Amino acid sequence: MNVIEYKKSIKGKKISVVGIGVSNVPLVEFLLDGGANVTAHDKRTKEQLGEVYDKLKDFGAEFVLGDDYLDNIPIDTEIIFKTPGLRPDVPQLLAAERNGAFLTSEMELFFELCPCPIIAVTGSDGKTTTTTLIGEMLKKEGYNCYIGGNIGKPLVGEVEKMMPKDMVVVELSSFQLFSMRHSADTAVVTNVTPNHLDWHKDFNEYIEAKKNIFANNDNCRVILNFDNEITRSFNQDTKNAMYFGRQNSPNEGIVLEDGKIVLKTKEDKKTMLLRDDIKLPGLHNVENYMAAIGAVYPFVSLETIKYTARNFGGVPHRIELVRELDGVRYYNDSIASSPARTTAGLKSFDKKVILIAGGYDKKIPFDEFGSVINEYVKELILVGLTSEKIEKSVKDAPNYSGICIHRETEFKKAVETAKACATNGDIVLLSPACASFDLFKNFEERGNTFKDIVNGF
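Printed below as a string of structure tokens:
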């Protein structure tokens with residue numbers, strides 16, 4: 003269905019949009035432009051919504067606000083768009099479905115209406131950098147490329163401008179994928195490790211959500227991490243898979259051999275990139291490039307791939323060098339909201355670091371993380387709700403050797419403690435291994451706060 007047909011189909015229909023976050027504001031405008039009767043539901047008050055309320059009210063939206071925003075979905079609602087962070091099986095949404103409402107999301111609608119090829123990226127770690135790399139390569143090659151999903155702009159508001167010859171690259175979280183009925187043309191799964199277990203019922207549900215990135219399109223090209231046991235097993239669920247592997251070498255696919263990223267086929271081998279060409283630090287970024295190359299080649303040239311590797315300096319909050327002060331380098335890796343992501347960051351450096359970690363508890367186990375900290379960390383500063391859990395994992399680790407651990411209650415004090423511990427030649431790394439929601443609204447705010455404190459020294 004194209005945009006014109008869809009807008010004709012919703013004219014006069016009663017639609018509820020649940021959760022007026024970043025992605026759903028353009029959605030409400032899009033639906034109202036199609037002549038739908040839209041009710042916006044949100045836990046926040048009119049005052050808390052501020053300009054968003056005024057803007058959507060002027061467009062013609064009705065509102066249900068406050069703590070009971072889910073309890074007042076009109077019984078004659080025909081379509082419900084839910085925010086990604088809300089599970090689809092909450093009682094109020096299940097009741098609405100029993101009353102005949104169709105439950106969907108902004109991203110699912112975009113997939114239905116998008117006129118051009120979609121490359122989608124998911125994974126527990128590395129998905130934002132991989133998504134950005136794919137977009138950078140496509141733009142350098144000359145494509146009109148839209149980047150969105152879990153990063154960038156909401157895409158429903160852009161869909162009317164898109165042409166069949168354009169390209170779309172989206173990052174998708176497990177929340178967005180959980181109830182998706184559509185899949186990408188090309189799907190990348192960077193890795194799958196335990197994450198968001200405070201939202202998902204169990205790890206298996208999280209895994210199954212990730213599969214939706216390709217499960218609803220039999221012709222989807224699927225790029226899978228051969229080194230990750232779970233993503234390697236996804237090959238059983240698709241007939242069009244390509245592997246990439248840094249540690250283990252698949253018979254065919256993208257591999258790392260003798261410092262080169264190589265594309266192996268039955269017929270031959272082709273060097274795509276030298277590891278030394280990659281400006282970004284860390285072996286995890288080698289894997290991100292391997293995944294990105296799998297997604298874009300042969301849509302882009304080897305020259306474009308090499309140019310991107312040599313010139314792309316990284317995404318903010320991902321091992322971002324903030325400054326060097328008194329011989330100490332300060333790095334912001336606030337995106338690292340899981341132990342696996344922080345582990346990758348720690349391994350990017352050739353010496354032990356002073357680590358600032360801790361945050362909101364997503365119910366992810368820290369058992370193995372304690373051993374990693376003992377191996378790669380010089381001094382540990384903990385702040386946030388998970389401080390006690392992380393400290394216990396460090397002290398219970400078989401390689402515990404008395405690493406100095408500081409516990410702070412305030413984030414600013416944690417950064418100041420790290421500075422006090424550091425001497426000439428040291429590295430201070432913010433890489434929390436946890437979500438930010440105990441002290442900040444998101445990882446960007448956490449990272450920006452860290453940068454402000456460091457730049458204020």
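Here the sequence shown is numbered in the working numbering, starting from 3 and rising by one per residue. Where a beta carbon is used, it is the ideal one built from N, C-alpha and C, also for glycine. Computed from a predicted structure; not experimentally measured.
Quick one: using the 10 Å Cβ neighbour count with 16 as the cut-off for buried, is leucine 323 buried or exposed? Start at 1 with the first residue of the sequence shown, and residue 323 comes out as number 321. Exposed: under 16 other Cβ atoms inside 10 Å.
Closest to serine 395 by C-alpha separation, out of Asn376, Asp220, Tyr309, would be which residue? Here residue 395 refers to the residue found at position 393 when the sequence shown is read from its first residue. Nearest C-alpha to serine 395: Asn376.
With a threshold of 8 Å on Cβ separation, who are the neighbours of glycine 159 within its own chain once the five nearest residues in sequence on each side are excluded? Here residue 159 refers to the residue found at position 157 of the sequence shown. Once the five neighbours on either side are set aside, the close Cβ partners of glycine 159 are Pro28, Leu29, Glu31, Phe32.
CB of alanine 122 within 8 Å of CB of alanine 211, strictly: For the purposes of this step, residue 122 is identified with residue 120 of the sequence shown, where counting begins at 1. For the purposes of this step, residue 211 is identified with residue 209 of the sequence shown, where counting begins at 1. No.
If we ignore side chains and look at the alpha-carbon of each, how far apart do valine 171 and leucine 96 end up? Position 169 of the sequence shown, counted from the start, is the residue given in the question as residue 171. Position 94 of the sequence shown, counted from the start, is the residue given in the question as residue 96. Distance between the alpha carbons of valine 171 and leucine 96: 32 Å.
Quick check: the segment 12-28 against the segment 42-58, are at least 3 beta-carbon pairs closer than 8 Å? Touching, per the Cβ criterion.
Isoleucine 77 to lysine 397 span [Cα, whole Å]: Indexing the sequence shown from 1 puts residue 77 at position 75. Indexing the sequence shown from 1 puts residue 397 at position 395. Spanning the alpha carbons of isoleucine 77 and lysine 397 requires a straight line of approximately 55 Å.
Residues near methionine 164 in its chain [Cβ-Cβ closer than 6 Å; skip 5 each side]: Stepping through the sequence shown from its first residue, residue 164 is reached at position 162. So the list reads Pro117, Cys118, once near-sequence residues are dropped.
With distances taken Cα to Cα, identify the nearest neighbour of phenylalanine 228 among Tyr332, Asn334, Glu446, Glu289. Here residue 228 is taken as the residue at index 226 of the sequence shown, counted from 1. Nearest C-alpha to phenylalanine 228 among Tyr332, Asn334, Glu446, Glu289: Glu289.
For the alpha helix (DSSP H) containing tyrosine 378, list its first residue and its last residue. Reading the sequence shown from its first residue, position 376 is the one you call residue 378. Start and end: 369-378.
Between asparagine 206 and lysine 16, what straight-line distance do the alpha-carbon atoms span, to the nearest angstrom? Numbered from its first residue, the sequence shown carries residue 206 at position 204. Numbered from its first residue, the sequence shown carries residue 16 at position 14. In this structure, the straight-line span from the alpha carbon of asparagine 206 to that of lysine 16 is close to 35 Å.
Helix, strand or coil for isoleucine 121 per DSSP? What you label residue 121 is simply residue 119 of the sequence shown in a count that begins at 1. The three-state reading of DSSP puts isoleucine 121 in strand, counting E and B together.
So the alpha helix (DSSP H) cysteine 423 belongs to, where does it begin and stop? Taking the sequence shown and counting its residues from 1, one reaches residue 423 at position 421. It spans 413-423 - the alpha helix (DSSP H) in which cysteine 423 sits, taken as one unbroken run.
Go ahead and pull the three-state DSSP assignment for histidine 80. Numbered from 1 along the sequence shown, position 78 holds the residue referred to as residue 80. In the sequence as presented, histidine is not what sits at residue 80; that position holds glutamate. Coil, per DSSP.
Relative to the C-alpha of leucine 387, which candidate in Lys353, Pro434, Ala342 has its C-alpha closest? Translated into positions along the sequence shown, residue 387 becomes position 385. Distances from the alpha-carbon of leucine 387 to those of Lys353, Pro434, Ala342 put Pro434 closest.
Buried or exposed by the 16-neighbour rule on C-beta atoms within 10 Å, applied to serine 11: Mapped onto the sequence shown, residue 11 falls at position 9. By the 10 Å Cβ count, serine 11 comes out exposed.
Note down the Cα distance separating threonine 411 from isoleucine 392, rounded to an integer number of angstroms. Within the sequence shown, numbered from 1, the residue matching residue 411 stands at position 409. Within the sequence shown, numbered from 1, the residue matching residue 392 stands at position 390. One C-alpha to the other measures close to 15 Å.
Pairwise C-alpha distance: glycine 14 and glycine 87: Start at 1 with the first residue of the sequence shown, and residue 87 comes out as number 85. Start at 1 with the first residue of the sequence shown, and residue 14 comes out as number 12. Rounded to the nearest angstrom, the two C-alpha atoms are 28 Å apart.
Of the residues Ala186, Thr344, Ala297, Glu110, the one placed nearest proline 156, counting alpha carbons only: Here residue 156 is taken as the residue at index 154 of the sequence shown, counted from 1. Minimum Cα distance to proline 156 is reached at Glu110.
Nearest to phenylalanine 61 by alpha carbon, out of Lys443, Val20, Glu53? Stepping through the sequence shown from its first residue, residue 61 is reached at position 59. Distance from the Cα of phenylalanine 61 is smallest, within the candidate group Lys443, Val20, Glu53, for Glu53.
Every unbroken alpha helix (DSSP H) inside the segment 157-237 [4 residues or more]: Listed in chain order, the alpha helix (DSSP H) runs fully inside the segment 157-237 are 176-179, 205-213, 231-235, counting runs of at least 4 residues.
Based on Cα-Cα distance, which residue from Thr133, Thr47, Pro90 lies nearest to aspartate 69? Counting from one through the sequence shown, the residue named residue 69 turns up at place 67. The candidate whose alpha carbon is nearest that of aspartate 69 is Thr47.
Mind checking which residues open and close the alpha helix (DSSP H) that includes methionine 292? Reading the sequence shown from its first residue, position 290 is the one you call residue 292. It spans 285-298 - the alpha helix (DSSP H) in which methionine 292 sits, taken as one unbroken run.
Tell me which same chain residues have a C-beta within less than 6 Å of the C-beta of aspartate 278, skipping the five on either side of it? As a position in the sequence shown, residue 278 is number 276, starting the count at 1. Nothing meets the Cβ criterion.
Compute the distance between the beta-carbons of tyrosine 309 and leucine 348, then report whether it is under 8 Å. Counting from 1 along the sequence shown, the entry for residue 309 is found at position 307. Counting from 1 along the sequence shown, the entry for residue 348 is found at position 346. For tyrosine 309 and leucine 348, no; Cβs fall outside 8 Å.
Verify whether the separation of the beta carbon atoms of isoleucine 298 and methionine 139 is less than 8 Å. Here residue 298 is taken as the residue at index 296 of the sequence shown, counted from 1. Here residue 139 is taken as the residue at index 137 of the sequence shown, counted from 1. The sequence shown places valine at residue 298, not isoleucine. Yes.
When you compare the CB positions of glycine 514 and valine 191, do they come within less than 8 Å of one another, or not? In this structure the chain extends from 3 to 459, so residue 514 is not present and cannot be described.
Could you pull out every unbroken beta strand (DSSP E) segment of at least 3 residues lying fully inside the segment 91-142, listed in chain order? Segments of the beta strand (DSSP E) lying fully in the segment 91-142: 104-106, 120-124.
Cβ distance (whole Å) where isoleucine 82 is taken to contact alanine 103 below 8 Å: Residue mapping note: residue 82 aligns to position 80 of the sequence shown, counting from 1. Residue mapping note: residue 103 aligns to position 101 of the sequence shown, counting from 1. Under the criterion of beta carbons closer than 8 Å, isoleucine 82 and alanine 103 qualify as touching, at roughly 5 Å.
Residues that DSSP places opposite lysine 155 in a beta bridge: As a first step, residue 155 is located in the sequence shown; it is residue number 153 there, counting from the start. When beta bridges are read from the DSSP output, lysine 155 appears opposite Gly150.
Excluding the five sequence neighbours on either side, which residues of its own chain have a C-beta within less than 6 Å of the C-beta of glutamate 381, listed in chain order? Stepping through the sequence shown from its first residue, residue 381 is reached at position 379. Excluding residues within five positions, the ones whose Cβ falls inside 6 Å are Ile356, Cys406, Cys423.
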